[in-house]
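Novice: So in the numbering used here, spot 79 of the sequence shown is number 83, and the numbers just go up one at a time.
I have a structure here, written as structure tokens, and I will follow up with some questions on it.
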Amino acid sequence: MRTVSFGTKIEHPSYAKDHQECVEMSAWYGRSGSMVCTEKDGRSTIIGIIQGGEEVSDCNLILLFNTEMTGWWNAATELGESPDTQAVGRRVVMA
């Protein structure tokens with residue numbers, strides 16, 4: 005299991021200093037795509053996605069989700085295939 009720590013990379017939670025907190029998830033700096041989730045009222049909620057990181061600062065970058073991203077998220081996670089090229093285009097995000 006890999007550990008992402010927001011602030012500095014910590015290889016294992018037991019190595020964390022008093023002021024550091026670890027979040028267990030399958031990501032590492034330089035890797036993208038892992039979702040950052042939390043639990044609210046018994047349901048999982050996605051609060052962001054890891055967007056790689058920087059080796060020099062040893063930090064991960066997180067893109068926080070907000071209400072403006074709801075349409076994109078729904079299109080990106082819609083089950084099934086659509087012949088509508090606009091619908092397919094909404095699933096692809098170029099940054």
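Cβ atoms here follow ideal geometry from the backbone N, Cα and C, with glycine treated the same way.
Let me check understanding here. Comparing Cα to Cα, which of M73, Q55, E72 lies closest to L65?
Specialist: Scanning M73, Q55, E72 for the CA closest to the CA of L65 turns up Q55.
Novice: Taking only three categories from DSSP, how would you classify G75?
Specialist: helix
Novice: Measuring straight from C-alpha to C-alpha, what distance separates I50 and T42?
Specialist: 6 Å
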